[in-house]
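Notes follow once the structure below has been shown.
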Amino acid sequence: MGSVERIREVARRVARFAREGHKLVVVPSAMAGETNRLLGLARELNPDASPRELDVIASTGEQVSIGLLAVALQQLGLKSRSYTGFQVKILTDDAYTKARILSIDDANIRRDLAEGNVVVVAGFQGIDANGNITTLGRGGSDTTGVALAAALKADECQIYTDVDGVYTTDPRIVPDARRLATITFEEMLELASLGSKVLQIRSVEFAGKYKVKLRVLSSFTDVNSTDMGTLITFEEEDMEQAIISGIAFNRDEAKISVLGVPDKPGIAFAILNPVAEANIDVDMIIQNASIEGLTDFSFTVHRNEYRRAMEILQSKVQPAIGAKGIHGDDRIAKVSLVGIGMRTHAGIASKMFGALAREGVNIQMISTSEIKTSVVVDEKYMELAVRVLHRTFELDKEPAKETLKP
Ligand code: ASP
Ligand code: MG
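Be aware that the sequence shown starts at 5, since it is given in my numbering, and climbs by one per residue.
Written out as structure tokens, the structure reads:
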């Protein structure tokens, strides 16, 4: 929705679907760059602008979009009505700037659809129980779309974005990254939480919870394009699946090690509780086996919270537990391999470590879950690590179709 011409294009695409007989609810986000511009204005006036007012300001970007799209649709001869989040109403909690949707009153939408309208609903916004305007966090229009699809039991939720699907990794780093025709919802959830920025993670969670069929497509293809983008599937329906689907990476984290702590009950709590009380999220956690009663304890936090976490550890934790030292590093990156095939295939992690070793990339931390293996490496080796892993697992090639379940 970058310009009047782009809005016209969106309207033409919507009109095409409407003429095919579909009932449509369209959820635009703000015009390109608009949310940043609005938040920038607020920050210029007050660097500590209150979250409530930030939401009042940021939500207007989408209000402009829905009205513009509705008139563009009307210009094409379609019936269309627009709604802000609060008009719908999309009820959220009161966590300004990152509110969660609690419920959607779909009465207006259903009535308008029945009367032949294309309904246009503002993304990214809602209203709390006290009538305050809220927003759902950056990229929140994705979540509005999925939540509406769930509420309306839509056949499919299509997210048109600035990429044309989900790739094995970021093509800016690996030029031969391949677009996936399908990916399971669980893999998508891992990729989104590990730093791949295609969809807002909450939208993926929502799709999983309510089994919404979700498709990622490009908003830049021709209006009549039949390109199908990437479909996010549920495992049961996707029997033929590559072992590894993708590689995610991010530079958003920092590593903190508490050295030489006495290995006794309550130590992990003594280290992490003050961090949690300061509302700092912890991601990876590692504790070493102890030697002569002493152990090292490492974890990662978001880079923005690194200074604050270090402060807490140095001023409160170290003296309280008698640790030998606190060591921090905010020049790290996390690289993760994701694939549901890890459940059924042994040796993926060791193949990963071997490939990194051959390139001389030192692994500082490792964490695994059922369908992912993540490593922390020096930030300067991040791109190298991603490329090497992409090659090692041959993600540039169509996977030899393999049935995971008998
Ligand atoms: N306009 C909002 C943002 O930029 C929501 C969205 O685009 O999904 O974060
Ligand atoms: Mg977006």
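All C-beta atoms, glycine included, are put in the ideal place defined by N, C-alpha and C.
| query | result |
| --- | --- |
| So, with DSSP's three-state summary, where would you put Y100? | coil |
| Give the DSSP bridge partners of K338, in chain order. | N254, V380 |
| Report whether the distance from the Cβ of R142 to the nearest heavy atom of ligand 1 is below 6 Å. | yes |
| Flag this pair as yes or no: are the beta carbons of A154 and V216 separated by less than 7 Å? | yes |
| Can you name the start and end residues of the alpha helix (DSSP H) that T304 belongs to? | It is not in any alpha helix (DSSP H) - T304 instead sits in the beta strand (DSSP E) that spans 298-306. |
| Would you mind stating whether F21 and I248 have Cβ atoms separated by less than 7 Å? | no |
| Which of the three DSSP states, helix, strand or coil, is assigned to T403? | With the sequence shown as reference, residue 403 is identified as Pro, and Thr is not the correct amino acid for it. Residue state, collapsed to three classes: coil. |
| Nearest-angstrom Cα distance between E9 and S69? | 13 Å |
| Any idea what DSSP makes of L28, helix, strand or coil? | coil |
| Distance check for D180 and T148, CA to CA, integer angstroms please. | 33 Å |
| Within the continuous beta strand (DSSP E) that includes N40, where are the two ends? | Here N40 belongs to no beta strand (DSSP E); instead the alpha helix (DSSP H) covers 38-49. |
| Check for me: the alpha helix (DSSP H) holding M314 runs from which residue to which? | 310-316 |
| So who's on the other strand from V167, going by DSSP bridges? | Note: V167 sits in no beta bridge, so no partner. |
| Could you check the C-alpha separation between L203 and G143 for me, to the nearest Å? | 7 Å |
| Can you tell me which of V342, T88, E119 puts its alpha carbon nearest to the alpha carbon of E190? | V342 |
| If contact is defined by three or more beta carbon pairs under 8 Å, each pair taking one atom from either stretch, is the segment 209-224 in contact with the segment 299-314? | no |
| Does the distance between the C-beta of F4 and the nearest non-hydrogen atom of ligand 1 fall short of 6 Å? | No information on residue 4 is available, as it lies outside the stretch 5 to 410 that the chain covers here. |
| Can A34 be considered in contact with ligand 1, in the sense that its beta carbon sits closer than 6 Å to one or more heavy atoms? | yes |
| First and last residue of the alpha helix (DSSP H) that includes S2? | Absent from the structure is residue 2, since the part of the chain shown begins at 5 and ends at 410. |
| Which parts of the segment 179-215 are runs of the alpha helix (DSSP H), unbroken and 4 residues or longer, counting only runs that do not cross its ends? | 189-197, 205-214 |
| Which runs of the alpha helix (DSSP H) fall wholly inside the segment 51-101 and span at least 4 residues, in chain order? | 55-62, 64-79, 89-92 |
| Measuring only from the beta carbon, is T39 closer than 6 Å to any heavy atom that is part of ligand 1? | yes |
| In chain order, what residues of the same chain have a beta carbon less than 6 Å from the beta carbon of R391, not counting five sequence neighbours either side? | V178 |
| Report the partner residues of H331 according to the DSSP bridge assignment. | S261 |
| Pick helix, strand or coil for L218, following the three-state DSSP scheme. | strand |
| Going by CA-CA distance only, name the one from V124, E402, D231, A196 that's closest to V92. | V124 |
| Reducing DSSP to helix, strand and coil, say where S33 ends up. | coil |
| For H26 and V75, I'd like the C-alpha separation in whole angstroms. | 19 Å |
| Measuring alpha carbon to alpha carbon, tell me which residue in V30, I275, A280 is nearest D300. | I275 |
| Let me confirm a value: T230 is counted as buried when at least 16 other C-beta atoms fall within 10 Å, else exposed. Which label applies? | exposed |
| In whole angstroms, what is the alpha-carbon distance linking T172 and R47? | 37 Å |
| Express the C-alpha separation of L140 and T101 in angstroms, rounding to a whole number. | 6 Å |
| Is S145 near ligand 3, going by C-beta to nearest heavy atom under 6 Å? | Looking for ligand 3 in the displayed structure turns up nothing; the ligands present are ligand 1 and ligand 2. |
| Do you know offhand how far L235's Cα is from T165's? | 14 Å |
| Under the rule that 16 or more other beta-carbon atoms within 10 Å means buried, what is E13, buried or exposed? | buried |
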